[in-house]
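If you're matching positions, the sequence shown starts at 1 in UniProt numbering and goes up one per residue.
In this text, a Cβ means the ideal position worked out from N, Cα and C, and glycines have one as well.
Notes follow the structure.
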Amino acid sequence: MGIEAICRWGEKILACRDYPSAKEQFGDWQREVRSALDGSGLSESRKREIGVKLHFVENEFSMEDSRRELDRAIRGTVEALDGLAQRPEESFTGPMAELIVQKILRNFYLYIRTMYQTEVHKKATIGKELLEQIQIGNEYDVQRMLLAIIRPVFPAARAEVVSDNGYSGMRCDLYIDEYDLAIEVKCTRKNMTEKMLTEQLGADGFLYDYHTIYMLIYDKEGIVENPAAFENMLKREYDYDGRQVRAFVIQPATL
Numbered sequence: 001m002g003i004e005a006i007c008r009w010g011e012k013i014l015a016c017r018d019y020p021s022a023k024e025q026f027g028d029w030q031r032e033v034r035s036a037l038d039g040s041g042l043s044e045s046r047k048r049e050i051g052v053k054l055h056f057v058e059n060e061f062s063m064e065d066s067r068r069e070l071d072r073a074i075r076g077t078v079e080a081l082d083g084l085a086q087r088p089e090e091s092f093t094g095p096m097a098e099l100i101v102q103k104i105l106r107n108f109y110l111y112i113r114t115m116y117q118t119e120v121h122k123k124a125t126i127g128k129e130l131l132e133q134i135q136i137g138n139e140y141d142v143q144r145m146l147l148a149i150i151r152p153v154f155p156a157a158r159a160e161v162v163s164d165n166g167y168s169g170m171r172c173d174l175y176i177d178e179y180d181l182a183i184e185v186k187c188t189r190k191n192m193t194e195k196m197l198t199e200q201l202g203a204d205g206f207l208y209d210y211h212t213i214y215m216l217i218y219d220k221e222g223i224v225e226n227p228a229a230f231e232n233m234l235k236r237e238y239d240y241d242g243r244q245v246r247a248f249v250i251q252p253a254t255l
């Protein structure tokens with residue numbers, strides 16, 4: 001059974017208000033999801049994450065709580081699977097996917113310029129005044145914008161925020177698991193130095209269990225003196241340790 005059919009089945013179980021019947025259907029659905037994951041080609045870590053969402057424990061003392069937990073498991077799993085329902089003809093080869101993502105990261109500033117800074121047509125309902133209110137303040141903002149650009153091309157892309165890794169604080173990450181690719185998003189702050197940024201990115205690079213790691217540095221405060229040299233310093237190719245690491249420094253004039 002395909003991912004799309006599995007998601008539709010999950011929605012039907014959610015619509016079934018008879019708990020015993022829904023629970024029985026869930027058992028069959030759960031097995032089908034696991035079978036689909038086994039043949040999905042996803043990384044083991046991503047399979048485990050979806051497996052956690054799929055987990056359901058019945059409360060023998062409360063049917064209401066049990067139903068709530070059942071619905072939570074189905075909704076979380078369907079949401080995770082929804083982006084995987086990409087048709088084979090829409091997929092890219094690994095090198096092509098990497099090239100597309102690199103192009104998006106390198107030209108991220110063009111999205112900002114086109115969306116927020118160019119002149120607005122006089123008949124547009126979203127005026128210049130409204131657009132000018134949108135300002136990038138931190139990694140959360142950059143991550144949200146980047147995900148909005150990437151997801152139409154890679155529907156399975158997902159976003160996470162790691163609050164504290166014990167060394168560099170908050171990380172905003174995007175993942176495209178089908179291509180074993182992770183994107184770390186950084187936004188410089190007023191109290192950050194280039195040395196601090198280098199140390200943070202260097203430490204973070206060892207934390208990813210992904211084949212390809214890209215780092216988007218939105219240098220809001222202009223702390224990177226030589227972007228080309230900075231990118232080259234962080235660059236690693238596959239023949240070094242089996243991973244590719246590349247950095248992309250964006251230095252905006254405004255926003």
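_For the ligand ZN, I want to know if L105 counts as a neighbour, meaning its beta carbon is within less than 7 Å of at least one of the ligand's heavy atoms._
Of ligands this structure carries none, so the ligand ZN is not represented either.
8 Å contact criterion, which V120 and T77 should meet: CB distance rounded | In fact, because the Cβ distance is near 41 Å, the residues do not count as touching under 8 Å.
Between the CA atoms of H211 and L146 - distance to the nearest angstrom | 20 Å
- [ ] Report the rounded CA-to-CA distance for R17 versus R75, giving the unit in angstroms.
- [x] 15 Å
task: Output yes or no for whether 8 Å exceeds the beta carbon distance between I134 and I104.
output: no
Requested in this report: Label T193 either buried or exposed according to how many other C-beta atoms from any shown protein chain fall within 10 Å of its C-beta, with 16 as the threshold for buried.
Outcome: exposed
**Prompt:** Could you give the distance in angstroms between the alpha-carbon of F248 and the alpha-carbon of I112?
**Reply:** 15 Å
Quiz item: Going by other Cβ atoms of all chains shown within 10 Å of its Cβ, with 16 needed for buried, is T114 buried or exposed?
Solution: exposed
For this session: Check whether the Cβ atoms of L54 and A73 sit closer than 8 Å, and answer yes or no.
Result: yes
Report task. Compute the beta-carbon to beta-carbon distance between V101 and L181, rounded to the nearest angstrom, for a pair I have assumed lies under 8 Å. Result -> 7 Å
- Query: In terms of DSSP beta bridges, what is C187 paired with?
  - Reply: Y218
List the whole-angstrom C-beta distance separating F108 from L216, where the pair is believed to meet the contact cut-off of C-beta under 8 Å.
7 Å
Exercise. For the putative contact between E221 and R189, defined by C-beta atoms under 8 Å, what is the C-beta separation to the nearest angstrom?
Worked result: 6 Å
What does the alpha-carbon distance come out to for the pair R198 and L174? A quick correction: the sequence has Thr, not Arg, at residue 198. Their backbone Cα atoms lie some 20 Å apart in a straight line.
Separation of P95 from G27, as counted between CA atoms:
39 Å
Q: Alpha carbon to alpha carbon, how far is I13 from S35? Give it in angstroms, no decimals.
A: 18 Å
- prompt: Nearest to G51 by CA position, among V142, P152, W29, is which residue?
  reply: W29
- Query: Taking the alpha carbon of W9 as the point to measure from, which residue in E79, R243, L207 has its own alpha carbon closest?
  - Reply: E79
Using three-state DSSP, classify Y175 as helix, strand or coil. strand
- Item | N- and C-terminal bounds of the alpha helix (DSSP H) containing V33 | 19 to 38
- prompt: Which same chain residues, not among the five before or five after E178, have their C-beta less than 6 Å away from its C-beta?
  reply: A156
* First and last residue of the beta strand (DSSP E) that includes F108? -> Where F108 is concerned, there is no enclosing beta strand (DSSP E), although the alpha helix (DSSP H) it sits in stretches over 108 to 112.
Notebook entry, point to check: Helix or strand or just coil, what does DSSP make of residue 265?
Noted result: Lying outside 1 to 255, the shown extent of the chain, residue 265 is not represented and no answer is given.
- prompt: Is it buried or exposed for D65, if we count other Cβ within 10 angstroms and need 16 for buried?
  reply: exposed
By the three-class DSSP mapping on this structure, what secondary structure does L42 have?
coil
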